[in-house]
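Reviewing the structure listed below.
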Amino acid sequence: MMEEHIEWLPHWNLQHLAIDSYRGKSCPSWLRPDCLKMLTSLELISCKNIQSLSFFEPPFPDSEESKNIYHLEVLHIRRCPNINWQGLVTLPSSLRRITLVNFGHSTDHFVSCFHDLTLLTYLKIQCELLTLIPLQVWISNLQSLEYLWVCWCSSLTSICVSEASSRHPVGVFSSLSNVTVSLCNSLLSLDEFLMPAYMPIVKIIHVESCRQLALLPIDELHSFSRLEELRIEGCPKLNMQRRMTLPSSLRKLRLINCPSIEYIDNSHLGSSMTLKGLSLRLDSCPDLISIVGAISVSEIQSGDINDCPKLMEITQPITRRPYWR
1 MMEEHIEWLP HWNLQHLAID SYRGKSCPSW LRPDCLKMLT SLELISCKNI QSLSFFEPPF
61 PDSEESKNIY HLEVLHIRRC PNINWQGLVT LPSSLRRITL VNFGHSTDHF VSCFHDLTLL
121 TYLKIQCELL TLIPLQVWIS NLQSLEYLWV CWCSSLTSIC VSEASSRHPV GVFSSLSNVT
181 VSLCNSLLSL DEFLMPAYMP IVKIIHVESC RQLALLPIDE LHSFSRLEEL RIEGCPKLNM
241 QRRMTLPSSL RKLRLINCPS IEYIDNSHLG SSMTLKGLSL RLDSCPDLIS IVGAISVSEI
301 QSGDINDCPK LMEITQPITR RPYWR
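For the sequence shown, position 219 matches number 219 in UniProt numbering, and the numbering has no gaps at all.
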C-alpha cells in the first residue's frame with residue numbers, strides 16, 4: 001500500500017489499528033492522537049520505508065489538553081527499521097503494553113522518553129541498535145511494570161544508573177516480577193540492574209546467551225525474598241568468584257555453561273530452612289566445586305546434573321525426570 005491509498009482509510013472512531021507492509025516514507029496525515037481520539041491499540045509491522053511517526057510528537061506543547069486526548073494502551077512496532085526517533089517524543093501515559101522489535105534508529109533517545117508511564121505493565125524490546133538503557137528513567141517512571149523482556153540487543157552495553165543520578169534516590173520497580181535478558185552479546189554487567197533493592201518482588205530471572213557478560217550479583221541473590229525461578233545459561237565469561245547464595249523461596253534453578261561458578265552456598269539458611277522441592281539443572285559448569293548448606297540430593301524434586309567434573313559430592317550424571325527444561 002502506498003501513501004495516496006492509505007489517506008482514505010481512517011474512521012474517526014477507530015479503536016484498533018494495524019498497519020502491515022505499508023511502503024510509504026511518511027505516515028498518513030490522520031495518524032495523530034487528535035484525529036484518532038478513541039484509538040487504544042496501534043501496530044506497525046514491516047513498514048520498512050516509514051521514517052517518522054507524528055503520533056508521538058507533542059500536539060499541544062505545554063497544554064493540559066495534550067494529556068486528555070490519549071487513550072492508547074497497546075503499542076507494537078515491529079520491523080520498521082527507518083523510523084527516526086531523534087526528535088521530541090511524547091509517549092501517552094495511558095500505555096499498558098509496549099513491544100518494540102527492530103523499531104528504527106536513535107533508539108537510545110526513544111527509550112529515554114519513557115516518562116510518566118505509570119500504567120505500563122509489559123515491555124518487550126528487541127533492537128540491534130540500542131546501546132544504553134537509562135535505569136534511573138525507567139525505575140522512576142515505570143512503577144507498574146510487571147514483565148520486562150530485553151532480547152537480541154546486540155549493541156547494548158549498559159543497563160545502569162548514570163553518575164549524576166546515582167547521587168539521588170533512584171526508586172524501585174515496585175511491581176516487576178518477571179525479567180529476561182537474552183542474546184545481548186555486548187552487555188558486560190548486570191551488577192547495577194539485578195539488585196534486590198530495585199526489584200523487591202521479582203519472581204523470575206532469566207539471563208541467557210550473553211556471551212560477553214562478566215558481572216552478575218550472585219552473592220546478593222539470597223536477598224530476592226520472592227525469587228522462585230532462576231536461569232543463567234550460556235554466559236561463558238561470567239566472573240563469578242563470589243559464592244552464589246540462593247533465597248529460600250527458590251523452586252527452580254538452572255545453570256548451564258557457566259564455567260567460573262565455584263560454590264553454591266546456602267549455609268546462611270540454616271538447618272530449619274532448606275530448599276525442599278527444588279527443580280535443579282546443572283550442566284557444563286566445569287569449575288563448580290561444592291553445593292554448601294541447604295541443598296541436598298535427597299531433597300531435589302526433579303533435576304539433571306551433568307558435566308560438572310569438580311563437583312565430587314554428587315555422583316554424576318544424576319537425572320530425576322521430569323526435570324525443568
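Don't be surprised by glycine CBs; every beta carbon is placed ideally from N, CA and C.
A direct Cα-to-Cα measurement between L288 and M312 gives close to 9 angstroms. Rounded to the nearest whole angstrom, the C-alpha separation of H109 and T157 is 15 angstroms. Counted as a single uninterrupted DSSP element, the stretch harbouring D219 is not any beta strand (DSSP E), since DSSP gives it neither H nor E. When DSSP reads this structure, E43 sits in a beta bridge with A18 and H76. Taken atom to atom, the span from the alpha-carbon of P134 to that of C184 is near 16 angstroms. As DSSP reads the structure, P134 sits in a beta bridge with C160.
A direct Cα-to-Cα measurement between E192 and Q51 gives close to 34 angstroms. Each residue's CA atom was taken as its position, placing E128 and W152 some 6 angstroms apart. The secondary-structure analysis by DSSP pairs V150 across a beta bridge with I125 and V181. Sequence-distant partners of S225 (beyond 5 residues in either direction) whose C-beta falls short of 7 angstroms from its own C-beta, in its chain, are P247 and S249. According to the DSSP assignment, T107 belongs to the alpha helix (DSSP H) that extends over T107 to V111. M195 and L14 have their C-alpha atoms spaced approximately 42 angstroms apart. In the displayed model, N84 falls within a strand according to three-state DSSP. Minimum Cα-Cα distance from L188 among the listed residues L215, V172 and Q136 corresponds to L215. Note on geometry: alpha-carbon atoms of C113 and N178 lie some 22 angstroms from one another. Non-local beta-carbon contacts of K203 in its own chain, meaning distances under 6 angstroms to residues more than five positions away in sequence, involve S177, R226 and E228 in chain order. Bridge pairing for Y263: S290 [DSSP]. For T99, the uninterrupted beta strand (DSSP E) segment begins and ends at R97 to V101.
A direct Cα-to-Cα measurement between K48 and G303 gives close to 46 angstroms. Going by C-alpha positions, D20 is about 54 angstroms away from K310.
For E262, the CB contacts under 6 angstroms within the same chain, skipping 5 residues up- and downstream, are D287 and I289 in chain order.
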